[in-house]
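Working notes, beginning with the structure itself.
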Amino acid sequence: MSTQGIDFSRLSLKDALDLAVLIEEEAKERYEEFADQMEQHRTPEAAKFFRYMALNEAKHGEELAARRATLFGNQGSSVNRSMLFDIEAPDYDEARAFMSPRAAMQAALASETKAHGFFVAALPSIQNPEVKALFEELRDEEVEHQDLVKAELAKLPPDPAVSDEEFVDAPAPQ
Amino acid sequence: MSATLEYQAKDYKSELKPIWCPGCGDYSVVQGIYRALAAIGRPPHEIAFISGIGCSSRIPGYTTAYGFNTVHGRALPIAQGIKMANPDLLVLAAGGDGDGFSIGGGHLAHLVRRNMDITYIVMDNQIYGLTKGQLSPTSQKGRQTCTSRFGSLEEPVNPLLYMLAYGAHFVAQACPTDLAGMAAIIEEAIRFPGFAFVNIQSPCVTYGEEAQQMKGLKAIQESLKALGHDPADRLAAMDLAQQYGTKMHLGVFYRNPEPPATYEQLVRERQAEQMKNAAPRERILDLFIKK
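As they're listed, the protein sequences go chains Y and P.
All residue numbers for the first sequence refer to the working numbering, where the first residue is 1 and numbers rise by one.
All residue numbers for the second sequence refer to the working numbering, where the first residue is 1001 and numbers rise by one.
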C-alpha cells in the first residue's frame, strides 16, 4: 500500500473525492480479478464472495462520484490511478488456489483493515477541514465494511478439522 | 500533482484473463508493466513484447501491445530481429529464470555486447513452475524439488553478476513487495537508451519455498537508494550483486552515466556512410556488366 506524488497537506476536497473514487475503483477491479482467478480455478464460493465485494466497492465508488459531480461538476481532476498502489485493493498474494469462503473473507477483511490504516495515517497531514472531515468519514466507513465482512464470516459453518492442504502430495521424484 | 496522462495503465491491459496460480507474483509484475508503459506513453501499437516459454512468458498476451510468445529460451534473438527490422518500435522481452539463464543463457552475452535498445524483464522465481517444480538455474544449492530429492548439488547462477560482468549498461532488480518501486524501475529501464536488464524476484506461490514468498522477500529486501549506492559505480554494483540469494537489493545496481551508441544507431550510421559512395539504383546492374 502506497501513494506517489500526493501531498496530503495540500489536498483539496475535489482531489480528495477523486482519490476516494479511485481507491474504490482499484479495489473493485482487484476483487473482480480475484473472482476471475477463483472461477479459473473452479472455486465458485470464493468467486461469488469476491464478486459481492466488487459490487460493494462499485456502489461506494458511485456514491462518492455522485457527490463529487454535485459539488464540482465536470471540473478536471488532479489525481489519477498512477498515484496509488493497493490502498483498499487486496494484495495479489492474498489470493490462493482453492480458497475457502473463510479464507476469501479473511483476505477482504485484511484489505478493509489496510484501507482504514491508510486514512488513519493520512489524517495528521491534512490541513483542509473539509478534506479532514471526508477522510474521517471514509476511515469510519472502513470500520463499517470490516463489520460487514465479519458478519459474513460469522454466518459460515466451522472449518473442517482437516484442511485440503493435508491431502496435497509431496512432489514426486522424476 | 498532475493528471495529464495520455495513456492509462488500463490501455495496456488486454481482455485475456491471466491463468497464473492465484497469489503468483507475476500478477503484480504485469501491473507494474502497465503502469510503466502508461508513464512512457507510447501507444500500444508501437510496442512489441516478446517472450520465451514459461509461466511468466505468457505476459505479452495480457497486454495490448504486439506480442510474440516464442519458443523456449529464444525471446532475445527474436526480439533483436524485430528491433532490427523496425528500430522505431519499443521492444520489450520477458521470461523466467529458466528461459533466460538456462536454455536461453547463451543469448544474453551477445545481446549485451550488441547493445540493442531492448528492455529484458526476467521474472526470477528460482523454479520451473509451469512444468511443476523442477530445479531452475537460480535455485539455491540444497534445494529439494521433484528432480532433486536430496537437494541440489549445484550453485545457482547469479543473474545480476552475470549481466554486470557481461558489460550491461543498465542492471536493476525489483520485486512485487514494492509495486511503486517496481513500476518506476521498469519505466527507467525502458527509458534507458540501450539494452536494459531488470531482474524481478517474483514468487512462485505453488512451488516456491516459504522464504521466497512475499513475506520472506520483504524480510530480506533493502533499497539500494537507502543504502546510498551510486548507480554509476559499476564495481560497487558488482559487490552488492554478490549478495544475490541472501539479500534482496531493490533498485538500480548500475546505470552507465554515458551510455554508448546502440547497435541500431551504429547500423544507421554505417548505412548512411555506405550510401555516400553507393551507385544510383538505376545503375546497379551496370556494376555486374563486364566492360
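Even glycine gets a Cβ: it sits at the ideal position worked out from N, Cα and C.
Option nearest residue i by Cα separation, candidates the options
| i | options | result |
| --- | --- | --- |
| Ala95 of chain Y | P:Cys1175, P:Ser1152, P:Tyr1027 and P:Ile1050 | P:Tyr1027 |
| Ser1202 of chain P | P:Ala1065, P:Ser1057, P:Gly1142 and P:Ala1048 | P:Ser1057 |
| Gly1208 of chain P | P:Tyr1128, P:Glu1006, P:Ala1189 and P:Arg1149 | P:Tyr1128 |
| Glu1015 of chain P | P:Tyr1062, P:His1229, P:Ala1219 and P:Thr1177 | P:Tyr1062 |
| Met1 of chain Y | Y:Leu55, Y:Ile87, Y:Ala66 and Y:Leu64 | Y:Ile87 |
| Glu136 of chain Y | Y:Tyr31, Y:Phe119 and Y:His145 | Y:Phe119 |
| Leu84 of chain Y | P:Pro1044, P:Asp1124 and P:Ala1009 | P:Ala1009 |
| Val149 of chain Y | Y:Ile23, Y:Ser77 and Y:Asn56 | Y:Asn56 |
| Ala115 of chain Y | Y:Ala104, Y:Lys155, Y:Ala46 and Y:Ala27 | Y:Ala27 |
| Val79 of chain Y | Y:Ala69, Y:Ser163, Y:Glu29 and Y:Lys14 | Y:Lys14 |
| Arg42 of chain Y | P:Ile1059, P:Ala1038 and P:Cys1021 | P:Cys1021 |
| Tyr92 of chain Y | P:Gly1025, P:Phe1288 and P:Lys1225 | P:Gly1025 |
| Thr1206 of chain P | P:Val1267, P:Glu1269 and P:Thr1131 | P:Thr1131 |
| Arg139 of chain Y | Y:Ile23, Y:Ser12 and Y:Asp7 | Y:Ile23 |
Per-residue contacts from residue i into chain Y (C-beta, under 7 Å)
| i | result |
| --- | --- |
| Ser1028 of chain P | Tyr92 |
| Met1214 of chain P | Asp93 |
C-beta atoms of residue i and residue j nearer than 9 Å
| i | j | result |
| --- | --- | --- |
| Ala1183 of chain P | Gly1032 of chain P | yes |
| Asp159 of chain Y | Ser100 of chain Y | yes |
| Phe72 of chain Y | Leu134 of chain Y | no |
| Leu1092 of chain P | Ala1079 of chain P | yes |
| Tyr1263 of chain P | Met1163 of chain P | no |
| Gly1100 of chain P | Gly1052 of chain P | yes |
| Leu1240 of chain P | Leu1227 of chain P | yes |
| His1169 of chain P | Gly1194 of chain P | yes |
| Gly1096 of chain P | Cys1146 of chain P | no |
| Ile1040 of chain P | Leu1090 of chain P | yes |
| Thr1177 of chain P | Leu1135 of chain P | no |
| Asn1125 of chain P | Cys1204 of chain P | yes |
| Ala1174 of chain P | Val1198 of chain P | yes |
| Phe49 of chain Y | Glu152 of chain Y | yes |
| Pro124 of chain Y | Ala108 of chain Y | no |
| Ser1102 of chain P | Pro1137 of chain P | yes |
| Val1029 of chain P | Ile1200 of chain P | yes |
| Arg68 of chain Y | Val21 of chain Y | yes |
| Met1248 of chain P | Glu1222 of chain P | yes |
| Val1267 of chain P | Met1084 of chain P | yes |
Which residues DSSP lists as bridging residue i, in chain order
| i | result |
| --- | --- |
| Gly1047 of chain P | The amino acid occupying residue 1047 of chain P in the given sequence is Ile; Gly does not appear at that position. Beta-bridge pairing links Ile1047 of chain P to P:Leu1090. |
| Gly1096 of chain P | P:Met1123 |
| Asn1199 of chain P | P:Val1122 and P:Gln1173 |
| Phe1068 of chain P | P:Ile1050 |
| Thr3 of chain Y | Y:Leu84 |
| Gln1134 of chain P | P:Tyr1128 |
| Glu136 of chain Y | None, per the DSSP bridge assignment. |
| Glu1222 of chain P | P:His1249 |
| Thr1063 of chain P | P:Lys1013 |
Straight-line Cα distance separating residue j from residue i
| i | j | result |
| --- | --- | --- |
| Ser1002 of chain P | Gln4 of chain Y | Residue placement at Ser1002 of chain P is flagged as unreliable, the pLDDT there being 43, under the threshold of 50; a coordinate-derived value is accordingly withheld. |
| Ile1185 of chain P | Val143 of chain Y | 35 Å |
| Arg1074 of chain P | Asn74 of chain Y | 50 Å |
| Ile1082 of chain P | Thr1119 of chain P | 13 Å |
| Leu1161 of chain P | Arg1281 of chain P | 49 Å |
| Ala1219 of chain P | Phe1192 of chain P | 30 Å |
| Thr1004 of chain P | Ala1036 of chain P | Interpretation of Thr1004 of chain P is limited by its pLDDT of 49, a score under 50 that renders its predicted location unreliable; the figure taken from the coordinates is listed afterwards. Near 15 Å, if we compare the C-alpha coordinates of Ala1036 of chain P and Thr1004 of chain P. |
| Ala122 of chain Y | Gln106 of chain Y | 24 Å |
| Phe34 of chain Y | Ser1152 of chain P | 35 Å |
| Ala66 of chain Y | His60 of chain Y | 10 Å |
| Pro1231 of chain P | Leu1179 of chain P | 21 Å |
| Ser9 of chain Y | Gln1212 of chain P | 38 Å |
| Ala46 of chain Y | Tyr1012 of chain P | 28 Å |
| Glu1187 of chain P | Val162 of chain Y | 46 Å |
| Arg1283 of chain P | Ala1165 of chain P | 48 Å |
| Met1214 of chain P | Lys1141 of chain P | 21 Å |
| Glu1046 of chain P | Gln1265 of chain P | 19 Å |
| Arg1113 of chain P | Ala1261 of chain P | 11 Å |
| Glu25 of chain Y | Gln37 of chain Y | 18 Å |
| Arg1270 of chain P | Lys1290 of chain P | 29 Å |
| Pro1044 of chain P | Met1123 of chain P | 22 Å |
| Glu112 of chain Y | Ala103 of chain Y | 14 Å |
| Ser1148 of chain P | Glu1154 of chain P | 10 Å |
| Leu11 of chain Y | Ser77 of chain Y | 12 Å |
| Asp1233 of chain P | Pro1259 of chain P | 14 Å |
| Leu19 of chain Y | Gln1242 of chain P | 42 Å |
Contact set between residue i and chain P, taken where Cβ atoms lie within less than 7 Å
| i | result |
| --- | --- |
| Ser2 of chain Y | Ala1180 |
| Phe85 of chain Y | Leu1179 and Ala1180 |
| His41 of chain Y | Pro1022 |
Where residue i meets chain P, residues with beta-carbon distance less than 9 Å
| i | result |
| --- | --- |
| Ser111 of chain Y | In chain order: nothing, as chain P lies at least about 14 Å away. |
Residue i: contacting residues in chain Y (beta-carbon distance under 9 Å)
| i | result |
| --- | --- |
| Met1248 of chain P | Chain Y residues near Met1248 of chain P: none, gap ~15 Å exceeds 9 Å. |
Contacts of residue i in chain Y (Cβ-Cβ under 8 Å)
| i | result |
| --- | --- |
| Ala1038 of chain P | Ser82 |
Determine which residues of the segment 1008-1034 of chain P have a Cβ less than 7 Å from any Cβ of chain C, and write them out in chain order. No chain C appears in this structure, whose protein chains are Y and P.
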